[in-house]
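Here is the structure we will look at, set down as structure tokens.
2 protein chains.
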Amino acid sequence: MAKLNTPQGTRDFGPDVVRKRNHIFAVIRQAFERFGFQPLETPAMEYTSTLLGKYGDEGDNLIFKILNNGDKIYGQAQMAKDSRELALILCEKSLRYDLTIPFARFVVMNQGKIHLPFKRYQIQPVWRGDKPQRGRYREFFQCDADVVGSNSLLNEIELLQIYDTVFNTLGLSGYRMKVNNRKILTGLAELVGRPDLMLAITIAIDKLDKIGDSGVREELAQRGLSGSEADKVMEFISLQGSNDEKLDRLTQLFAGSETGLKGVEELRYILGSGLTSFSRQPEIDLTLARGLNYYTGMIVEVKAPESVNMGSIGGGGRYDDLTGLFGLPGISGVGISFGVDRIYDVLEDLQLFPETAQQGTQVIFFHPGTEKLAEVYGYVSRLRERGISTEIFPDEIKQDKQYKYAEKRGIPYIAYVEDNAPGVVFLKSMTGKQRHQLTPAELDAFTF
Amino acid sequence: MAKLNTPQGTRDFGPDVVRKRNHIFAVIRQAFERFGFQPLETPAMEYTSTLLGKYGDEGDNLIFKILNNGDKIYGQAQMAKDSRELALILCEKSLRYDLTIPFARFVVMNQGKIHLPFKRYQIQPVWRGDKPQRGRYREFFQCDADVVGSNSLLNEIELLQIYDTVFNTLGLSGYRMKVNNRKILTGLAELVGRPDLMLAITIAIDKLDKIGDSGVREELAQRGLSGSEADKVMEFISLQGSNDEKLDRLTQLFAGSETGLKGVEELRYILGSGLTSFSRQPEIDLTLARGLNYYTGMIVEVKAPESVNMGSIGGGGRYDDLTGLFGLPGISGVGISFGVDRIYDVLEDLQLFPETAQQGTQVIFFHPGTEKLAEVYGYVSRLRERGISTEIFPDEIKQDKQYKYAEKRGIPYIAYVEDNAPGVVFLKSMTGKQRHQLTPAELDAFTF
């Protein structure tokens with residue numbers, strides 16, 4: 001039997017893991033719903049033409065492509081000149097790579113039907129052919145909330161508030177939220193005198209975490225900045241101080257940059273509106289750039305508490321023309337995303353999953369033998385009607401084997417009847433080791 | 001811009017549809033949990049070698065295969081001699097085709113860790129390259145519950161009870177449950193004198209719904225049965241009467257077939273155990289065969305109420321050696337599946353979705369202008385803290401436009417403040433058209 005395993009970078013989720021993941025999904029979904037976001041789901045497959053060119057060259061390579069069905073592919077394959085062409089010819093469909101592009105496609109396809117501003121959330125898996133490593137999988141869930149069709153900064157405030165709500169509800173109060181603004185990065189490029197290299201500068205400083213100061217310097221040089229220009233960039237991104245101090249300093253620096261000043265003004269409003277208080281104040285991080293080209297305003301990234309070694313667990317920002325990719329220009333949007341698979345790893349590391357998120361079967365009845373089966377099955381049915389997850393061991397085997405099964409499964413209560421005690425149900429707590437002796441009526445009223 | 005659409009046979013689900021689908025999932029999940037089933041999730045991708053050969057030749061063709069990433073595929077493609085080989089060479093991975101095979105793979109991979117009997121449920125999408133038609137999609141959800149590692153017929157009874165619970169909870173009390181037993185079909189083959197053609201007979205009568213009596217006769221002839229043998233098959237499957245009458249008649253007919261009698265005995269116990277009562281008694285249908293080869297005991301199929309034109313909305317049965325496919329023989333299992341996408345269509349046809357399954361945002365506040373924004377945002381935040389889905393219109397535009405937006409969205413309450421009425425919140429019911437004039441404290445206590 002060849003490789004009996006799941007493909008590289010993918011995982012099975014057993015009962016405990018599914019329950020814990022569902023806890024995270026439930027907390028996020030509840031926050032999205034309370035803030036008035038509407039659920040959307042798109043297919044796992046999109047036309048390859050919908051996805052290609054939207055995630056950069058690297059993204060194009062990491063998209064999983066689905067082979068066309070049928071007998072024509074052999075002939076079609078002959079027309080290709082290289083691997084890239086072969087993939088395009090043979091694969092009309094590809095797997096979802098993120099939730100943003102399908103969302104943009106949906107908005108454009110349904111522009112007559114949806115009402116702007118459209119606040120949607122989407123919780124679905126995506127697939128990427130990345131090299132797997134800690135916190136990076138080839139199949140992982142994204143949880144996105146976006147508002148399109150509104151320029152109001154109130155949206156930014158609400159989205160940051162959703163982060164705050166969710167991470168506090170999950171018990172992850174040590175999370176850290178970093179914000180910046182793409183207009184400030186434009187301002188920086190103008191300040192350096194290289195507005196033409198804004199994207200190059202952004203891409204370089206986005207890597208600071210991974211390659212350090214000297215790496216960024218090198219990258220800036222490679223991308224065409226002179227030594228003194230690079231100095232200015234490095235000096236800029238190392239600005240220290242409180243949010244207000246940074247914003248004040250930026251206001252001075254950007255005297256000549258209208259765009260830069262606009263970015264400062266936006267951040268000042270978002271962080272200082274007084275509409276809401278954050279349990280942890282978002283921190284302005286001038287090195288935050290976020291790789292994706294489509295951002296144009298505020299950008300945000302969430303990091304796990306410092307005690308945990310884990311990259312970003314969430315991120316997002318404002319983009320001005322996402323639907324323009326599909327022929328509907330002029331619709332601004334802003335969104336955030338939760339990295340659920342990483343959040344799971346962090347909560348597990350910090351042991352933050354509540355007991356209730358792990359609860360399955362609450363009671364198991366031993367098989368009582370054929371004669372008493374109807375009586376016991378009646379108890380089972382009544383507990384289930386009360387909403388209590390109840391099992392009856394299906395096979396008539398020795399009680400000590402049934403007991404061991406219950407123990408291994410971690411079921412909190414076992415129940416059984418005995419021939420010499422008619423009308424009595426024995427209920428044993430596996431944690432407290434107490435044994436209750438109950439009448440059927442007492443069982444019906446028992447609080448588990 | 002090329003095809004801006006979802007691939008053939010796949011669909012977007014907008015907010016209303018997602019909410020209604022979630023209602024179905026919640027009802028099914030709740031039943032599974034109450035009966036002590038444990039959740040499992042497997043990856044969307046499996047190794048192609050895991051799936052191939054498990055669903056028959058037709059299935060092999062309908063599996064969606066995923067192109068290997070990288071630059072090697074062009075060279076590899078040269079080694080193929082036809083489309084089938086090309087697919088196998090280029091596609092190490094394929095998309096999940098059902099939930100049963102991945103479950104069997106999981107059980108075998110984790111045999112040291114799981115405790116038998118293992119009762120698992122799984123709610124995930126599967127993908128098949130079928131020709132799309134009403135009720136048949138290329139991406140659709142399956143909801144499966146299976147027990148492996150127990151021979152007890154109690155499992156069959158509980159699974160039928162889950163069907164009864166779920167369809168009644170969904171309001172689909174007119175559903176019809178048909179049962180049969182593969183051992184009875186084996187008995188039939190023996191009765192006809194062609195035990196060697198048991199599978200051929202099964203496959204032919206399985207098509208009765210689609211091709212009618214004469215079609216089945218033709219198919220039987222093609223598969224090698226003589227005219228008189230086919231007569232016996234046709235006579236057998238047209239046996240009429242109540243369940244008990246059918247079982248009595250089968251007992252007579254199967255005097256010479258041990259397997260046939262065993263099948264009768266099993267059905268008699270499952271349907272007459274007295275352990276539970278069904279709101280609608282399952283009906284023995286001797287034409288029910290179910291195509292999948294791996295069934296060996298009871299088989300079941302659920303049909304929508306007669307008023308709705310829709311095929312099977314659920315099905316399942318007992319199989320004796322599923323994990324044997326992956327080298328772990330001797331583990332018996334029994335399972336059922338819900339066809340959620342079809343159940344959705346049926347509930348929609350019969351207008352059976354409850355109001356609560358469609359509820360999104362409950363209140364929207366008009367944007368009050370900058371000056372009063374903090375006051376209004378306070379109201380919004382307190383409603384959200386109470387768990388009420390609340391929006392504030394993010395942009396400061398004319399109130400009548402905001403009103404129209406609320407109306408189109410179908411939000412049941414709008415709320416606003418007025419400059420000349422400080423400390424008052426106006427709350428208007430969009431359905432009842434009443435307007436409440438509330439103090440902030442009254443709003444906090446208002447029952448929506």
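Going line by line, the protein sequences match chains A and B. The letter at position 209 of the first sequence is residue 209 when you use the UniProt record's numbering, and the numbering goes up by one with no holes. The letter at position 421 of the second sequence is residue 421 when you use the UniProt record's numbering, and the numbering goes up by one with no holes. Ideal Cβ positions, reconstructed from N, Cα and C, are used throughout, including at glycine.
- No Cβ of chain B is located within less than 9 angstroms of the beta carbon of S173(A).
- Counted as a single uninterrupted DSSP element, the alpha helix (DSSP H) harbouring P440(B) occupies residues P440 to A445.
- Between the segment 323-341 of chain A and the segment 107-118 of chain A, the count of C-beta pairs closer than 8 angstroms reaches three or more; the two stretches touch.
- Beta-bridge partners assigned by DSSP to D146(A): R120(A) and G335(A).
- Close partners of G360(B) in chain A (Cβ separation under 7 angstroms): Q38.
- Each of L62(A), F167(A) and I114(A) was checked against the Cα of P132(A), and the nearest Cα belongs to L62(A).
- Identification of chain A residues near C91(B) by a Cβ-Cβ cut-off of 8 angstroms yields L67, ordered along the chain.
- Approximately 5 angstroms separates the beta-carbon atoms of T10(B) and E139(B); this is inside 8 angstroms, confirming the contact.
- With 16 or more neighbouring CB atoms inside 10 Å of its own CB, R384(A) falls in the buried class.
- For A304(A) against Y175(A), the beta-carbon gap comes to about 7 angstroms, under 8 angstroms, which counts as contact.
- For F365(A), the three-state secondary structure derived from DSSP is strand.
- Judged by their CB atoms, S332(B) and G360(B) are not nearer to each other than the 9 angstroms cut-off.
- In this structure, L267(B) lies near M298(B), with their beta-carbon atoms less than 9 angstroms apart.
- Across the set R21(B), G135(B) and E219(B), the C-alpha of E219(B) shows the shortest separation from the C-alpha of L199(B).
- Judged by pairs of C-beta atoms under 8 angstroms, the segment 417-429 of chain A does not touch the segment 140-160 of chain B, as fewer than three such pairs exist.
- Note on geometry: alpha-carbon atoms of A255(A) and L247(A) lie some 12 angstroms from one another.
- Less than 9 angstroms divides the Cβ of A221(A) from the Cβ of G227(A).
- The Cβ atoms of K54(B) and E348(B) lie no closer than 9 angstroms to each other.
- For N181(B), DSSP records a beta bridge to M298(B).
- For T323(A), there is no enclosing beta strand (DSSP E), since its DSSP letter is neither H nor E.
- Its chain contains S312, I313 and G314 as the residues whose beta carbon lies nearer than 7 angstroms to that of G339(A), once the 5 sequence neighbours on both sides are disregarded; these appear in chain order.
- In the structure shown, the three-state DSSP call for F25(A) is helix.
- Assignment of beta strand (DSSP E) within the segment 67-101 of chain B, counting only whole runs of 3 or more residues, yields 93-95 in chain order.
- DSSP, reduced to helix, strand and coil, places Y377(B) within a helical segment of the structure shown.
- At a cut-off of 9 angstroms between beta-carbon atoms, V308(B) makes no contact with chain A.
- In the three-state DSSP reduction, E306(A) falls in the coil class, being neither helix nor strand.
- C-alpha of L88(B) to C-alpha of E229(B): approximately 41 angstroms in a straight line.
- For the segment 311-331 of chain A, the beta-carbon criterion of a distance under 8 angstroms to any beta-carbon of chain B is satisfied by F326 and G327.
- DSSP, read as helix, strand or coil, puts P132(A) in coil.
- For L4(A), the three-state secondary structure derived from DSSP is coil.
- If you ignore the 5 residues before and after P368(A), its C-beta comes within less than 6 angstroms of the C-beta of V376 and V417, all in its own chain and listed in chain order.
- Look at V424(A) here: in three-state DSSP terms it is coil, with no helix or strand label.
- The beta-bridge partner set that DSSP reports for V126(B) consists of F140(B).
- When DSSP states are grouped into helix, strand and coil, P195(B) belongs to the helix group.
- Between L86(B) and I73(A), the beta carbon gap of about 6 angstroms places them in contact (Cβ cut-off 8 angstroms).
- Taking the Cα positions, D231(B) is about 23 angstroms away from K178(B).
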